[in-house]
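Down below is the structure, laid out as structure tokens.
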Amino acid sequence: MPTPLFSYRKYWAECFGPAPELPMSRAEMDQLGWDSCDIIVVTGDAYVDHPSFGMAV
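Counting in this note's numbering, the sequence shown runs from 119 upward without gaps.
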């Protein structure tokens, strides 16, 4: 039986560290040393495992 979605600890993915390509939160921007964004891309596509799965940047 699959694990229910809400049984995972809150913020369990923090153990992976900041996003290696593009930060997805202010906290990741801080970890990467970014003070601001030049552009913010809002899309309905998923940016899950690889940049090619989302919108082409």
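Note that CB positions come from ideal geometry on N, CA and C, so glycine has one too. Note that the structure is predicted; figures quoted are calculated from it, not measured.
Practice task
Compute every distance between the C-beta of residue 146 and the non-hydrogen atoms of the ligand ADP, then say whether any falls below 8 Å.
Solution key: The ligand ADP is not part of the structure shown, which contains no ligands of any sort.
How far does the alpha helix (DSSP H) with residue 148 in it extend, from its first residue to its last? Counting from one through the sequence shown, the residue named residue 148 turns up at place 30. First-last of the alpha helix (DSSP H) with residue 148: 144-150.
### Query
Since residue 147 and residue 138 are thought to touch, with beta carbons under 8 Å apart, how far apart are those beta carbons, to the nearest angstrom?
Walking along the sequence shown from the start, residue 147 turns up at place 29. Walking along the sequence shown from the start, residue 138 turns up at place 20. The pair is not a contact, with the Cβ atoms about 14 Å apart (cut-off 8 Å).
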